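Everything below concerns the one structure shown next.
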Ligand code: GLU
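This is how it looks when you write it as structure tokens:
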């Protein structure tokens, strides 16, 4: 495994910095001196994670936990297991969490972690050992009042269960609130697994109404069929949209009359990918970006919508289920072409919002019904869309810039009022 400084700087952090530069001219004068606070992470920890493999050999993995900003509360954000994870990427993902929690007005800062590993290549026992050692390495800086991890790409509820158990063993008592996205019988919340996809759907519906795009009969293309993409696909399908194209790491499938999403979910559970789904044709991966569509949902990794792809895209509405899927130069083209983008920091905030509900339930040791959770989620997401939409109208700017204005003002006001220690 190579070390992070041997790898090329990820473009994700550059994308984030460009977004901060874009919003700066819109901020109130007295907050400008504090903007630099957002241009660097508060704290970044790099850890070595050695584990004994099933064959008895020892392998070292590199892991990170970055706390980007803690002005509004404890750090919050997922843990990613992926072969491309590196420090600059985690910094960007942590920064987007800072903005996201502020857009939704959740009482958190932003953080993110990750391990450079392909989890598909580990056995279940190796995955558990990796998770427990990684948790132990980052345990000095996480905790229910300091920084609360959650699932992200390549991690899931079982992994959160191991993290909670490892942290609790170190503390000597059960600490449910140290991570969210846990299994329900370990203090997890109902509705958490589906929350991100649900939020993508709810925000998509609200913005579609505003731009007069009818969901019924609309053509939807989705990149990524994991936790986020598959639930969003299901909800759009149920609302009578046609999910015509889905791409994942195994290939791209297409169906002119729309895919049966329930059947596709069963197929993916059995075959670990969309490839080979009957009743659909496989098309070239590049074709995904040029097919006829009304709604595009990037729900995989960052840096997918390039300038070239933006030129040819036929979508009228883009719902960013993934974090950072659109490059700034691509966004300029999309905006010129009058394509609406519901930005990641709003669109995929359903996950962290129900994470917040989980943390609140853990603190109170009192649990809500799934209906209560979904109702509260929908309400928060809908009012965040309203706030962002009216800010965009008022300032005549994109939805992303509007979301950043709202978030940066909340974060920097908190920073200003707290003052700079030691003063
Ligand atoms: N990983 C998710 C995200 O990017 C969820 C984070 C959380 O629940 O803390 O928003």
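Numbering (this note's numbering), first residue to last: 1 to 423. Virtual Cβ for every residue (Gly too), placed ideally from N, Cα, C. Note that the structure is predicted; figures quoted are calculated from it, not measured.
- Just measuring C-alpha positions, the residue of 389, 355, 413 and 247 sitting nearest residue 177 is 355.
- Relative to the ligand GLU, residue 148 has its C-beta within less than 8 Å of a heavy atom.
- A heavy atom of the ligand GLU is found nearer than 8 Å to the CB of residue 352.
- Distance from the C-beta of residue 97 to the nearest heavy atom of the ligand GLU is below 8 Å.
- Within the chosen limit of 8 Å, the ligand GLU reaches the beta carbon of residue 323 through at least one heavy atom.
- Per DSSP, the unbroken beta strand (DSSP E) holding residue 112 starts and ends at 110-116.
- Under the three-state reduction of DSSP, residue 340 is assigned to strand.
- Rounded to the nearest whole angstrom, the C-alpha separation of residue 209 and residue 317 is 11 Å.
- Only residues of its own chain outside the window of five on either side were considered, and among them 228, 231 and 232 have a CB closer than 6 Å to the CB of residue 197, listed in chain order.
- Only buried fits residue 298, as 16 or more other CB atoms lie within 10 angstroms of its CB.
- By a beta-carbon distance limit of 8 Å, residue 121 does not contact residue 93. Their separation comes to about 22 Å.
- The residue from 129, 189, 55 and 91 with its alpha-carbon nearest to that of residue 361 is 189.
- Note: residue 44 is bridge-paired with 66 in the DSSP secondary-structure output.
- CA-CA distance, residue 114 to residue 164, rounds to 16 Å.
- In the same chain as residue 47, and ignoring 5 residues on each side of it, the C-beta atoms closer than 8 Å to its own belong to 62, 63, 64, 65, 134, 137 and 138, in chain order.
- Membership of residue 219 in the beta strand (DSSP E) is indicated by the continuous run 219-223.
- Restricting attention to alpha helix (DSSP H) runs no shorter than 4 residues, the stretch 142-178 encloses them at 157-171, ordered along the chain.
- Judged by their CB atoms, residue 223 and residue 248 are nearer to each other than the 9 Å cut-off.
- Secondary structure of residue 247 (DSSP, three-state): strand.
- Below 8 Å, too few C-beta pairs join the stretch 323-332 and the stretch 362-382 to call them touching: fewer than three.
- DSSP places residue 351 within a helical segment (H, G or I) once states are collapsed to three.
- Set against 8 Å, the gap from the CB of residue 157 to the closest heavy atom of the ligand GLU is not smaller.
- Pairing residue 337 with residue 313 gives a Cβ-Cβ distance under 9 Å.
- At a cut-off of 8 Å, the beta-carbon of residue 69 does not count as near the ligand GLU: no heavy atom of the ligand is closer than that.
- With three or more CB-CB distances shorter than 8 Å, the stretch 96-112 counts as touching the stretch 345-354.
- Between the ligand GLU and residue 151, a heavy atom-to-CB distance of less than 8 Å is present.
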